[in-house]
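The listed protein sequences correspond, in order, to chains E and F.
In my numbering, each number is its position in the first sequence, counted from 1, plus 1048.
In my numbering, each number is its position in the second sequence, counted from 1, plus 111.
Ideal Cβ placement from N, Cα and C applies to all residues, glycine included.
The structure displayed is predicted, hence computed values, not measured ones.
A short worksheet on the structure shown next.
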Amino acid sequence: MTATQNFHEELEPERYELAAPPPYRFEADRREFFKILGAGILVVSALSTVHAAQESGAAKRKPGGELPQEISAWLHIGENGKITVYTGKAELGQNIRTSLSQAVAEELRVSISSIAMVMGDTGLTPFDMGTFGSRTTPIMNLQLRKASAAARELLIGLAATQWSIDRKRLLAAQGKISDPDTSRSVDYATLVKGQQLTQTLPAEDPLIAAAAWTVQGQSLPKVDGRDFVTGKHRYPSDLKLPEMLHGKVVRPASFGATLTSFDAHEAEQMPGVTVVHDGNFIGVAAASTELASRAAAAIHAEWKSKPQSSNKELFEYLKKNSIEKKERAVGGESSRIESGSMENGLKSATHRLQQSYTVEYIAHCPLEPRSATAQWSGENVTVWTGTQRPFGVRGELAEAFRIPEERVRVLMPDTGSAYGGKHTGEAAIEAARLARAAKRPVKLNWTREEELTWAYFRPAGVIEVTSGMRADGTITAWEFHNYNSGSAGIRTFYDIPNQLIEFHATRSPLRQGSYRGLAATANHFARESHMDELALLVKMDPLEFRLKNLKDERLRAVFEAAAKKFGWGRAKTYAGQGFGIGGGFEKGGNVATAVEVAVDPATGAVKVVRVVTAFECGAIVNPDHLLNQIQGSNIMGLGGALFEAIEFENGRILNGRFSKYRLPRFSDVPQLETVMLDRKDIPSAGAGETPMLGLAPAIGNAIFDATGVRLRSLPLAPNGVKKV
Amino acid sequence: MAGIKQINVNGKNYEIDADGQASLLSVLREQLDLTGSKYGCGEGQCGACTVLISGNPRKSCITPVSAVGQKQVTTIEGLAKGDQLHPLQQAFLDEGAMQCAYCTSGMIMTGVALLNANQNPSASEISQFMEGNLCRCGTQPRIVAAIQKAAKAGKAAGQ
């Protein structure tokens, strides 16, 4: 990696992703694991190693927090030859159940079908901060490869001992250890029979190099795809327990409203309905969702609301409400990076440019809204829920119910997507509260309106850029202030000697949190729009201008690849046609996106016609799933780029349903072309987020190219381009 | 509203006990435990709940169970013949036309309805027909490809 790319790492992780690990976690010891799993081989690690491996960088936020030693099991090989893998990561559609299976199959030399992945179960899997930040591939993939390699080496050792020969002669392949000289072989199941062997994860493992991969690097289909096309898979909202009731929560009249009085007499008379009131919480549990909804509607609650700001004054609000560094902001602390001198940089500039960019709040809209099913057994509670942070939700439940975490188990069935929107455990807590009162299991499926109102949003933001440039197009000064939207991808990757980059944490009128790509979308939008504006000042081609100011080879490579595939520089062929480019680096991935738009000269309606994305994230683990992520990032990104925005007024969401909140549909999908650069010499990085970063600025730049109208707000054109 | 006592789903008669106003989706999911049909929006905007009623694609979240009467309901669970997947189910697997797959049931049911009506749809006809189904993961191009693949498979099979 270059110095620029390393520097990015120092700013990560994104502040909206902050989550602390629990101070203690006492678990089953090795003997108990064998009791549960049966004899065989177990690969384990101590907690301190787990944390070091999973959360490099996170440790500095918790100085001096020496963690107790603890056993965590990663991988078990049973006497029947079945491989069970344990990871706290969650499957939300990224297809990591498949890609992590590939990692294990590669190193352990077994078939994919012999592997069972246990994921996101706080009772069984090692602690994990959560599934976000594109960290599964760079960290968990590596971790499981190490565990698998450790098991493989142990198996080779077992066979060598059994046959009294030098282990160097032996090979592991197809679930067997064999001796090529004698053609003798033994399968793993036979080798581990009657054994209770524990292998601690060594610091260094002989991992198979990417160039020699046979399972990784292949386009394996989703491992349990058949369960999804037949409707058999049970998502969290599909679960059914014996005696289970359905829950419904009575929502406040507006954000932050407090309950002043309520009358639940009518609801309480309904057959089998339990009404729960606890502080500001009112909810019901009943035998069906229909009955629960009727009962909840029959509760007459009075709420005291307080006046709140609206999105008409949103950007003014954010500018006025930044939080001083000493204060703790919900989104984390402000941060500032400075190099060189802005004053000198601007002095040596021929052109100076100052512009402001904005992004609205948008909603994740995972197609499966929040869902949780809770079951109490004495003082212990088990909750099945769709979350990116099963261990975080366990902590939330423990806190809400004032019970120790050991009494809480959270399980995460493969879920109907999240995109950063399911870090929290609201539904889990609500379901558990209802279940405790009803003394029966309770399932609570949020409605779409609830998901679009009571979850959280991608932060809105204001970004101000001041730049200076010499007449030859060399950028000399770069000042960048982000108010509220976040610090991910805030640093410029262009080579500019004088920089001042600052994230200003801000009070937020709406509840906000993580979102696919985080603030990198906003920061890339501002930066890459501004780059085009600078290029225009010196009448340079936008691509040429970027390359002039860019040394990073990986990033140059994707810009060049996208431009080549796109046919950058060709002449326009129709009125309203426009071309634009944008790109960047984030979370170990490099992206460049070239876009063709067609702006209707009469109506100003914008159609994205073609999108060419070049992406590189090191060695590719599964090309087809990577392609799926890149295509999906672009399609999802169209919404935020063109038309998605949450409308709110005085503590209420005004467009909190799909009939009012427009999302990308089939007819919005452009022609998508992708170039994937496979760098086998670079460790694999995640790819769920970064591919979307170039899209919004590329569309904005293409609209300018088509119309001469510079749009500096996301969404760019919810109602088309005015004044063409 | 009178209660509804019976419904035919996937060729089977079920005894149910539902208010006529109850949505078909809630009856399928809660009373019959057929959870392949999904809730996504509750207002017929996302298509995750799509089932076939007498072969026509219907948003079961806004279809009152009383509107079904004696008609045959087909859900995703009733599409495969034993272990033999419907060609469109197979095509979704072949094309990797899913990520989280929460929309998949509704996409397949809508796609089956399209293929029943048009055995050789163009990409733009598919896109138009599928407009009422949302995929948040962004697998639309693969879904279009899967429907076209199933159409070809159907032709090859002489259907």
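For residue i, the residue or residues it bridges with in DSSP
i: residue 1638 (chain E); result: E:1633 and E:1664
i: residue 1517 (chain E); result: E:1399 and E:1523
i: residue 1698 (chain E); result: None; residue 1698 (chain E) has no bridge partner.
i: residue 1263 (chain E); result: According to DSSP, which records beta bridges pairwise, residue 1263 (chain E) is partnered with nothing at all.
i: residue 1644 (chain E); result: E:1627 and E:1658
i: residue 1755 (chain E); result: Answer is none; residue 1755 (chain E) lacks a bridge partner.
i: residue 1529 (chain E); result: E:1512 and E:1550
i: residue 1350 (chain E); result: E:1309
i: residue 1386 (chain E); result: E:1548
i: residue 1164 (chain E); result: E:1132
i: residue 1766 (chain E); result: E:1768
DSSP three-state assignment for residue i, whether helix, strand or coil
i: residue 218 (chain F); result: helix
i: residue 1671 (chain E); result: helix
i: residue 1309 (chain E); result: strand
i: residue 1110 (chain E); result: At residue 1110 (chain E) the pLDDT is 33, less than 50, meaning the model places this residue with poor confidence and gives no usable figure here.
i: residue 1073 (chain E); result: Its pLDDT being 43, under 50, residue 1073 (chain E) is placed unreliably by the model, and the measurement read from it follows with that caveat. Residue state, collapsed to three classes: coil.
i: residue 1204 (chain E); result: helix
i: residue 1223 (chain E); result: coil
i: residue 1724 (chain E); result: strand
i: residue 1405 (chain E); result: strand
i: residue 125 (chain F); result: strand
i: residue 1505 (chain E); result: strand
i: residue 259 (chain F); result: helix
i: residue 1682 (chain E); result: helix
i: residue 1121 (chain E); result: strand
i: residue 1271 (chain E); result: coil
i: residue 227 (chain F); result: helix
i: residue 1421 (chain E); result: strand
i: residue 1538 (chain E); result: coil
Residue closest to residue i, alpha-carbon to alpha-carbon, out of the options
i: residue 1200 (chain E); options: E:1654, E:1452 and E:1248; result: E:1248
i: residue 1382 (chain E); options: E:1767, E:1533, E:1093 and E:1472; result: E:1533
i: residue 1413 (chain E); options: E:1562, E:1514, E:1522 and E:1281; result: E:1562
i: residue 1195 (chain E); options: E:1241, E:1251, E:1402 and E:1718; result: E:1251
i: residue 241 (chain F); options: F:142, F:138, F:156 and F:149; result: F:156
i: residue 1311 (chain E); options: E:1279, E:1348, E:1711 and E:1304; result: E:1348
i: residue 1580 (chain E); options: E:1689, E:1178 and E:1757; result: E:1757
i: residue 1521 (chain E); options: E:1340, E:1491 and E:1400; result: E:1400
i: residue 180 (chain F); options: F:117, F:196 and F:170; result: F:117
i: residue 1631 (chain E); options: E:1572, E:1644 and E:1165; result: E:1572
i: residue 1458 (chain E); options: E:1203, E:1160, E:1137 and E:1514; result: E:1137
i: residue 1139 (chain E); options: E:1127, E:1169, E:1699 and E:1154; result: E:1169
i: residue 1228 (chain E); options: E:1545, E:1215 and E:1541; result: E:1215
i: residue 1754 (chain E); options: E:1697, E:1092, E:1276 and E:1657; result: E:1657
i: residue 1603 (chain E); options: E:1159, E:1273 and E:1636; result: E:1636
i: residue 1707 (chain E); options: F:257, F:244, F:258 and F:259; result: F:244
i: residue 1574 (chain E); options: E:1742, E:1179 and E:1319; result: E:1742
i: residue 235 (chain F); options: F:228, F:226, F:247 and F:255; result: F:255
i: residue 1187 (chain E); options: E:1211, E:1207 and E:1147; result: E:1147
i: residue 1150 (chain E); options: E:1361, E:1673, E:1308 and E:1583; result: E:1673
Distance cut-off 8 Å: residue i Cβ against heavy atoms of the ligand ADP
i: residue 1457 (chain E); result: Summarising the ligand content, the structure contains no ligands, and the ligand ADP is consequently not present.
Quick one: which residues of the region 1268 to 1282 of chain E get their C-beta closer than 8 Å to a C-beta of chain F? List them in chain order. Sequence-ordered contacts of the region 1268 to 1282 of chain E with chain F read 1269, 1270, 1273, 1274, 1276, 1277, 1278, 1279, 1280, 1281 and 1282 [C-beta pairs closer than 8 Å].
Stretch-stretch touch, CB-based, cutoff 8 Å, three pairs: the region 1382 to 1401 of chain E with the region 215 to 223 of chain F: Verdict: no, contact absent.
Contact between the region 1729 to 1738 of chain E and the region 1611 to 1625 of chain E (3+ Cβ pairs under 8 Å): The region 1729 to 1738 of chain E is not in contact with the region 1611 to 1625 of chain E.
At a CB distance below 7 Å, what residues from the region 1701 to 1732 of chain E approach chain F? Give them in sequence order. Answer set for the region 1701 to 1732 of chain E: 1705, 1706, 1707, 1711, 1713, 1714, 1715, 1717 and 1720.
Using a Cβ cut-off of 8 Å, which residues of the region 1682 to 1702 of chain E contact any Cβ in chain F, in chain order? Here the close residues are 1682, 1683 and 1684.
Which residues, in order along the region 1393 to 1424 of chain E, keep a beta-carbon less than 7 Å from a beta-carbon of chain F? Hits within the stretch, in order: 1413, 1414, 1415 and 1416.
Segment contact flag, the region 1430 to 1442 of chain E with the region 1525 to 1542 of chain E, C-beta cutoff 8 Å, min 3 pairs: The region 1430 to 1442 of chain E is not in contact with the region 1525 to 1542 of chain E.
Interfacial residues, the region 129 to 140 of chain F to chain E, with Cβ spacing under 7 Å: With the criterion set as a beta carbon lying under 7 Å from some beta carbon of chain E, the members of the region 129 to 140 of chain F are 130, 133 and 137, in sequence order.
With a threshold of 8 Å, are at least 3 pairs of Cβ atoms found where one atom belongs to the region 1675 to 1685 of chain E and the other to the region 1273 to 1288 of chain E? These segments do not touch.
Looking at C-beta atoms only, is the number of pairs between the region 1660 to 1667 of chain E and the region 1598 to 1609 of chain E that lie closer than 8 Å three or more? By the Cβ test, the region 1660 to 1667 of chain E is in contact with the region 1598 to 1609 of chain E, since at least three Cβ pairs between them sit closer than 8 Å.
Does the region 1507 to 1519 of chain E come within contact of the region 165 to 180 of chain F, defined as at least 3 CB pairs closer than 8 Å? No, the region 1507 to 1519 of chain E does not touch the region 165 to 180 of chain F.
Interface residues of the region 1328 to 1352 of chain E facing chain F [CB-CB below 7 Å]: Listed in sequence order: 1336, 1337 and 1338.
Should the region 1489 to 1508 of chain E be regarded as contacting the region 1447 to 1457 of chain E, the criterion being three or more beta carbon pairs within less than 8 Å? No, the region 1489 to 1508 of chain E is not in contact with the region 1447 to 1457 of chain E.
Near-chain E residues of the region 241 to 255 of chain F - C-beta to any C-beta below 9 Å: The region 241 to 255 of chain F vs chain E, Cβ under 9 Å: 241, 242, 243, 244, 245, 246, 247, 248, 249, 250, 251, 252, 253, 254 and 255.
At a Cβ cut of 7 Å, what residues of the region 202 to 228 of chain F count as close to chain E, listed as they run along the chain? The residues in question are 203, 204, 207, 209, 210, 211, 212, 213, 214, 215, 216 and 219.
Are the region 182 to 196 of chain F and the region 154 to 173 of chain F touching, with three or more C-beta to C-beta distances below 8 Å? Put simply, the region 182 to 196 of chain F touches the region 154 to 173 of chain F. At least three CB pairs are less than 8 Å apart.
If the cut-off is 9 Å on Cβ atoms, which residues from the region 1448 to 1469 of chain E count as contacting chain F, listed in chain order? For chain F, the residues of the region 1448 to 1469 of chain E that bring a beta carbon within less than 9 Å of one of its beta carbons are 1462, 1463, 1464, 1465, 1466 and 1467, in chain order.
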